[in-house]
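Contents: one structure, followed by commentary.
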Amino acid sequence: MAKNEELMEKIVSLCKRRGFIYQGSEIYGGLAGTWDYGPLGVALKNNIKKLWWKRFVEDRDDVYGFDATILMNKQVWEASGHVGGFADPLVECKKCHHRFRLDQLEDQKKCPDCGGAFGEVRQFNMMFKTHVGAVEDATSISYLRPETAQGMFVNFKNIIDSFHPSLPFGMAQIGKAFRNEIAPRDFLFRSREFEQMEIEYFIKPPKDIKDLEWQKHFDHLKYEMKAFTADIGLDAKKVHELEVPDGERAHYSKRTIDFEFDFPFGKKELYGLAYRTDFDLKQHAQFSKVDLSYYDEESKERFVPHVIEPSFGLDRTVLAILSDAYHEDELTGAATDPAEDAFGAAKEKRVFLKLSPAIAPYKVAVFPLLKNKPILIEKAREIFKLIKKEIPATTFDDNGNIGKRYRRQDEIGTPYCVTVDFETIEKGNGVTIRDRDSGKQERIKEDELVKLLLGK
Ligand code: ATP
């Protein structure tokens, strides 16, 4: 098996084993392109969302948070162009009848599964269609949104009327999106239900060809997107910017940059940044017959703003983080188990997730050295409560032996483990703190513990 395929399998299996991510509807054999997040996956995802919201909404004074519905009037999708054009080229093998997305095939002439010939190329619309209300006819059709963006465009006027913002300003939203992908694959990378984090940043339209004011905003947002990848601890060397050339951009985009990431299965799109001009607002104004222009007090002019859109896939972020964080190494038994003698201990293979403390599901785990000694447990519980008050993402673990607990915490990426042992109690000698990445332990006084952890 190729090394990278093996890595993906290891990540998928760790996610299941440790409660990050499970196959959707697993007990029924699954549903292709769906993934369920377990307790640790939710924690990781929420930490990412929090950092995103902080950088793009809370820390700024020009971006409004938003949360629009998944179901919208079908005219939204007619205006946006999704009903007419949100399609991928689909081919079906005449022999085995397997279906593929043509643009993703290396050899577009024959079926990769059986070598058979393809039938005609068909445009396959990726929106999930449904009916709203009890009547199932053409008037009740709606779609599960394939992007969060449109929910913001159709509320542009509401923001203007409620808040009277001056340009430039943005709207930001985190939410589910649905696409009936022809070939969901690569774990979370291409699924049929996923989450997006998107910003629509409205700017004044350029006055003429030489007016490059929009470039300034575009560059600023590009910088912020890159900075966000650092917030979540992604290795900067694996994040690449790709200028999407003329002819390959969406028809409404004047400039697009894809942020690509070195996933185990290759360099692929993680995020996108697009200058969408006034395409969306103009379309919605035309279809809804509602005026979506903006009156600029300063210049006393009325115009339709242009928009720059940073778009982030949350699940692709989770996958990038997991594949970046996955590590294997060897530690001596002494480093995983303080009860063992450093000299006779054998080296032991271990798996650990090198997650940044900012996004790790748990920041600290607290253990009693032994699980059957009430005096150790009581003290460990006391210290656990003390830390948890300051660092809520702290967990208590007294399952199995201490070596197993360290390995479990390593696998879920907990940066620090605190152990209460006999020295803590008998000699008042404090506790040990173990660093996930080096496996090294230091002894620290109880009253310095919380401060030290907060500092880290
Ligand atoms: P691709 O070319 O990979 O299908 P796209 O260019 O169609 O992606 P956009 O429409 O720009 O994607 O969507 C914005 C973001 O949403 C992407 O950068 C990606 O992070 C995420 N995304 C899109 N489709 C999926 C999917 N099927 N599964 C998970 N995330 C997705």
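Everything in the sequence shown is counted per our numbering, starting at 9 for the first residue and increasing by one. Even glycine gets a Cβ: it sits at the ideal position worked out from N, Cα and C.
Do serine 319 and glutamate 206 have their C-beta atoms within less than 9 angstroms of each other?
-> yes
Closer than 6 angstroms by C-beta to lysine 379: which residues in its own chain qualify, once you throw out the five before and the five after it? Chain order, please.
-> Correct list, in chain order: Asp406.
Count the CB pairs spanning the region 301-312 and the region 92-100 that are closer than 8 angstroms, and state whether there are at least three.
-> Cβ pair count under 8 angstroms is below three, so no.
Would the beta-carbon of isoleucine 19 fall within 9 angstroms of that of phenylalanine 195?
-> yes
Looking only at C-alpha atoms, which of Thr285, Ala282, Ile385, Arg193 sits nearest to phenylalanine 4?
-> The chain is shown from 9 up to 464; residue 4 falls before or after that span and cannot be answered.
Roughly how many angstroms lie between the CA atoms of alanine 157 and tyrosine 283, to the nearest whole one?
-> 13 angstroms
Under the rule that 16 or more other beta-carbon atoms within 10 Å means buried, what is proline 120, buried or exposed?
-> When all chains shown are included, proline 120 counts as exposed.
Once you ignore the five residues that flank threonine 468 on each side, which residues in its own chain have a CB closer than 7 angstroms to its CB?
-> Examination of residue 468 is not possible in this model, given that the chain is present from 9 through 464 alone.
Look at the alpha carbon of phenylalanine 351 and the alpha carbon of isoleucine 329, and state the distance between them as a whole number of angstroms.
-> Caution is warranted here: a pLDDT of 45 is assigned to phenylalanine 351, below 50, making its placement in the model unreliable, and the coordinate value is therefore given only provisionally. Between phenylalanine 351 and isoleucine 329, the C-alpha separation is close to 36 angstroms.
With DSSP run on the structure shown, which of helix, strand or coil describes lysine 24?
-> helix
For alanine 350, which three-state DSSP category applies?
-> Note that alanine 350 has pLDDT 43, beneath the 50 cutoff, so the model's placement of it is unreliable and the number below is only indicative. Coil, per DSSP.
With a Cβ-Cβ cutoff of 9 angstroms, do glutamate 199 and glycine 49 count as a contact?
-> The question names glutamate, but residue 199 is serine in the sequence shown. No.
Straight-line CA distance for glycine 73 to isoleucine 168?
-> 14 angstroms
List the DSSP bridge partners of threonine 440.
-> Thr427, Arg451
Excluding the 5 residues preceding and the 5 following asparagine 55 in the sequence, name in chain order all residues of the same chain whose CB lies nearer than 6 angstroms to its CB.
-> Ile367
Flag arginine 324 as yes when its Cβ comes closer than 8 angstroms to any non-hydrogen atom of the ligand ATP, and as no otherwise.
-> yes
Same chain, Cβ closer than 6 angstroms to isoleucine 105, five either side skipped, listed in chain order = Per the sequence shown, residue 105 should be read as histidine rather than isoleucine. If we look at histidine 105 and ignore the five residues flanking it on each side, it has no Cβ neighbours.
Is glutamine 158 near the ligand ZN, with its Cβ less than 8 angstroms from a heavy atom?
-> This structure does not include the ligand ZN; its bound ligands are the ligand ATP.
Supposed close pair proline 313, lysine 212 - CB separation, criterion 8 angstroms = In this structure proline 313 touches lysine 212 by the C-beta definition: roughly 7 angstroms separates them, less than 8 angstroms.
Can alanine 185 be considered in contact with the ligand ATP, in the sense that its beta carbon sits closer than 8 angstroms to one or more heavy atoms?
-> yes
Is the region 124-135 in contact with the region 174-185, if contact means three or more CB pairs nearer than 8 angstroms?
-> These segments do not touch.
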